[in-house]
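Chains as they are written, first to last, in my numbering: chain Z, -3 to 273; chain X, 6 to 311; chain S, 260 to 507.
Using N, Cα and C, we set each Cβ at its ideal position, and we do this for glycine too.
So the structure is just underneath, and the comments pick up after that.
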Amino acid sequence: MSTLLDVEDLRVTFPTRTGLIEAVRGVSFSLGRERLGIVGESGSGKSQTGRAIMGLTPPQARISADKLSFDGIDLLAASPRERRALRGKRIAMILQDPKYSLDPVMSIGRQIVETLRTHEKVSKAEARERALAMLEAVQIRDPRRVFDLHPHEVSGGMGQRAMIAMMLIAGPEMMIADEPTSALDVTVQLDVLGILDRLVAERGMGLIFISHDLRLVSSFCDRVIVMYAGKVVEQLKASELSQAQHPYTRGLLNCMPRIGFERHPLPVLDRKPEWAA
Amino acid sequence: MSVEAVQSRREWLLSERPASRTQARLGRAYVTWRRFTANRLAFVGLLIIIALLLVAALAGVLAPYSPTIGDLKNARLLAPSAEHWFGTDDLGRDIYSRILYGSRWTLYVVILVAIIAAPIGLLVGTVAGYAGGWTDAILMRITDIFLAFPKLILALAFVAALGPGIENAVLAIAITSWPPYARIARAETLTVRNSDYIKAVQLMGASPFRIVLRHIMPLCISSLIVRVTLDMAGIILTAAGLGFLGLGAQPPLPEWGTMIASGRRFVLDQWWVAGAPGFAILIVSLGFNLLGDGLRDALDPRSGDQ
Amino acid sequence: MTSAISIERLEVVFDRFRALKGVSLDVKEGESYGLVGESGSGKSTLLRAIAGLAPAASGTIAVNGKTLGRGRDKAFYRDVQMVFQDPYGSLHPRQTVDRLLQEPLAIHGIADGEKRIERALDEVGLGNGFRFRYAHQLSGGQRQRVAIARALILEPSILLLDEPTSALDASVQAEVLNLLEEVRRRRKLTFLMVSHDLAIITHMCERLMVMQNGEAVENLTASQLIGHRVEKDYTRNLLRASEGFVRG
């Protein structure tokens, strides 16, 4: 399997009034053309890891890594211009709430067309055709109608599909999805995941799926990285989640209520300081 | 005090686990203070205002001459010198002494206007914002009417009706400066009135009066303080303007605006007569503006919760 | 056994939008009852209508046998309290925990304030060390504990829970759910709990109602749901969705 992304000892540090805060403390992993899940609770550094790869870390933060390369390109050495060219064209990102990541004053169709035309030289008519095809690919039933709608006129699920369409239009090789379905209703969530799954498989993309939901991630991804306090505490195959070794992973799996398993009280996580060490 | 004692006092103030109400309050005040002093210019502004307060309090001690009785025979329109630092005016009065005493009138105007206008604005704005519906419509239309006139013109009209004098000038300025405060308070109220923490208080059975007074007003106060401080310069200038037009303080009161008005006749030959009070107004206005800017950063409720 | 909450054909209308379309509900005293549904199902509106935060267009709400009118009196709030979803939005940003807990006591003129506050903080597992902190000095789980303490301090018999753990991390969620179960057992409370998560509802409640688009889909017991003995397709869909993603 060819390696798309190589991350070694990634660190993200934020200066604050009270000193430096290390959000990510030495994360290493590599990604091929596969679905990789990054799981952790709030403050685990999972989102900052995704943003650092994407180049979306706030300017006051410091990023360092022994290696951060995408398809042989050293991302840390790349100029802002090169990073911009990569973003959208070869690496795409989906965020939690489409309401905030779509432009509210531009129609959905135009946003997709603009995205395509910034990365590829195509005629307007062709761009429109491809945008419509893309909307169809994310299972929007009436793509011509949705093309002219503005983001506030569609539901959350529809918005997230449009977002996926926009992100995939330029044919990226890698996608980072940060909690792509957390804002959606459970039934819609599965539809969107189904679409994402099919497109990623069809196009042979690498996917990094960032989520707080261990169970969802393990049912969707091939591999899972579990993060705690800015570090990777465990890496394992999704199918082997039940044999997780680290007490944090096991605790996280255990503490969720499950239908048909009566446990009163629920087992709680006994956080050990050495996990964060 | 030793270094360790300072250190431990700071830790006590910044404690994440305050042990008493007072400690929690002081801790919060300390954080605000540190944020404020981090802004150098704001600190300069604060120093100017403190200086103004001291000068006003000690004018009797500091002033070398009487502010109202001059030496008409020997000391008319003297240029600044070692004897008369800022020179003398057409009635032979020492301008330096007059400016020191004038600071009292400046403070008098500024403080009275703030005390009258800010609470009116706060009350009208929060009640309108929280009650909504008809109450809101009526209160805000009244506010709009006041806002529709230029401030100085409206103040002029009031003074013309009430008669000239510094008390009436204060009243006129206060009446014309509350509407923007009402607007601000209403906007703040609208953003918090539907929040869960206000609903939680409603669910305790609190009366609307109590909710507005104890839960909404405290949230509006910081932005109001900032706005009032920034308006201070404008208030001083309006008071000076009224004084200049002869509708504010009446001679021989050493009010800065009135002083400029009487000095304008000699402004080309004896520039210090109008220039010195003008400069005083400039410095104090600047002080209030710098202070207001600093307060905005220090009290901003959005950044304040970090 | 008497009903703690009894609702008959409740309608709630916001600007012509019918958020609740004639929903009836009966919660027994001491019972824990769940409302499940997706966004727009009306489950939170139902809770808010009981609390008096959403206006009822028609239908009746009775609490502890007393039919409620338009307004709510002080006595009502000593019986019924609510815990909100977002722990970051439900605590006043300028008040300490102490002040927050004192407010209900001051409103109802309760004298033994000091003791009640100490007891309430102990009960939710926070202790006195948290008493003089501001909301921004607390984590999400701690904030939700404070919100629970605030709801309990008037010693109500009914607690309305609006997705009390959906904004929390899984491990913190378990702690808060355990706490809620514990206070319910100790104080013999009646719960009416709203959630989009079937697993949480079956864990916390004996009976539940599935809602969709402002209407009741079906009423079930927790064991019926666990045994997949459900009638409606919509409920079945929800059940399937709660089991995670299935490829294929």
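Checklist entry - Between the C-alpha atoms of S283(S) and N478(S), what's the straight-line distance to the nearest angstrom? => result 10 Å
Item to check | Extent of the continuous alpha helix (DSSP H) run through T93(X) | outcome: Taken as a continuous stretch (DSSP letters only), T93(X) belongs to no alpha helix (DSSP H), as it is neither H nor E.
Checklist entry - By the criterion of Cβ-Cβ separation under 7 Å, what are the contact partners of E414(S) in chain X? => result The contacting residues do not exist; E414(S) stays about 13 Å from chain X at best.
Checklist entry - Taking 9 Å as the CB-CB cut-off, is D456(S) touching chain Z? => result yes
Checklist entry - Out of curiosity, what's the CA-to-CA distance linking D298(X) and L242(X)? => result 18 Å
Checklist entry - Are the beta-carbon atoms of L0(Z) and I221(Z) separated by less than 9 Å? => result no
Next on the checklist: How far does the beta strand (DSSP E) with E4(Z) in it extend, from its first residue to its last?
Outcome noted: 1 to 12
Item to check | Under 7 Å by beta carbon: chain X residues contacting H351(S) | outcome: Y202, H220
Item to check | Residues sharing a beta bridge with L279(S), DSSP | outcome: V271(S)
Next on the checklist: Within 9 Å of any Cβ in chain S, is that where the Cβ of P261(Z) sits?
Outcome noted: yes
Next on the checklist: Along the region 309 to 325 of chain S, where does the CB come closer than 7 Å to a CB of chain Z? Name the residues.
Outcome noted: none
Checklist entry - In chain Z, which residues lie less than 7 Å from I485(S) when you measure between Cβ atoms? => result I255, G256
Checklist entry - Can you name the start and end residues of the alpha helix (DSSP H) that T131(X) belongs to? => result 100 to 136
Next on the checklist: Could you give the first and the last residue of the continuous beta strand (DSSP E) run that contains G421(S)?
Outcome noted: Residue 421(S) is actually Asp in this sequence, not Gly. Start and end: 417 to 421.
Checklist entry - Ordered along the chain, which non-local residues of its own chain (more than five positions away) have a Cβ less than 8 Å from that of Y202(X)? => result H220
Checklist entry - L159(X) lies in the alpha helix (DSSP H); which residues open and close that run? => result 156 to 167
Checklist entry - Which chain S residues are close to V206(X), counting only those with a beta carbon under 7 Å from its beta carbon? => result E362
Next on the checklist: Comparing C-alpha positions only, which one of I485(S), A458(S), T326(S), F450(S) sits nearest to L269(S)?
Outcome noted: T326(S)
Next on the checklist: Just to confirm the assignment, what range does the alpha helix (DSSP H) spanning T53(Z) have?
Outcome noted: It is not in any alpha helix (DSSP H) - T53(Z) carries neither H nor E in the DSSP assignment.
Checklist entry - Excluding five sequence neighbours on each side, which residues of the same chain lie with their C-beta closer than 8 Å to the C-beta of L19(X)? => result G32, Y35, V36
Next on the checklist: Under 9 Å, Cβ to Cβ, is there at least one residue of chain S near S97(Z)?
Outcome noted: no
Checklist entry - Once you ignore the five residues that flank Q263(Z) on each side, which residues in its own chain have a CB closer than 8 Å to its CB? => result Note that residue 263(Z) is Pro in the sequence shown, not Gln. If we look at P263(Z) and ignore the five residues flanking it on each side, its Cβ neighbours are G247, N250, C251.
Checklist entry - On the three-state DSSP scale, how would you describe F343(S)? => result coil
Checklist entry - Using a beta-carbon distance below 9 Å, is T183(Z) in contact with chain S? => result yes
Checklist entry - So which residues of chain S does E193(X) contact, with C-beta pairs closer than 7 Å? => result What E193(X) touches in chain S: nothing, since even the nearest Cβ is about 12 Å away.
Checklist entry - Among all the DSSP beta bridges, which residues are the ones paired with A315(S)? => result V271(S)
Checklist entry - Taking all protein chains shown into account, do 16 or more other C-beta atoms lie within 10 angstroms of the C-beta of P55(Z), making it buried, or fewer, making it exposed? => result exposed
Next on the checklist: Here's the rule I'm using: 16 or more other beta-carbon atoms within 10 Å means buried, otherwise exposed. How should G324(S) be labelled?
Outcome noted: exposed
Checklist entry - Apart from the five residues just before and just after E236(Z), which ones in its own chain have a Cβ nearer than 8 Å to its Cβ? => result none
Checklist entry - Nearest chain S C-beta to D310(X) closer than 9 Å, yes or no? => result Summary for D310(X): the model assigns pLDDT 41, below 50, so the residue's position carries little reliability, and this model does not support an answer.
Checklist entry - Buried or exposed: where does F214(X) fall if 16 or more other Cβ atoms within 10 Å of its Cβ makes it buried? => result exposed
Checklist entry - Does the Cβ-Cβ distance between L145(Z) and S97(Z) come in under 9 Å? => result no
Next on the checklist: So, at 6 Å on beta carbons, what are the nonlocal neighbours of P257(X) in its own chain, with the 5 sequence-adjacent residues on each side left out?
Outcome noted: T73
Item to check | Whole alpha helix (DSSP H) elements within the region 141 to 225 of chain X, 4-residue minimum | outcome: 156 to 167, 171 to 198, 201 to 207
Checklist entry - DSSP state of S86(X), grouped into three classes? => result coil
Next on the checklist: Please list the terminal residues of the continuous alpha helix (DSSP H) segment that includes F284(X).
Outcome noted: 277 to 304
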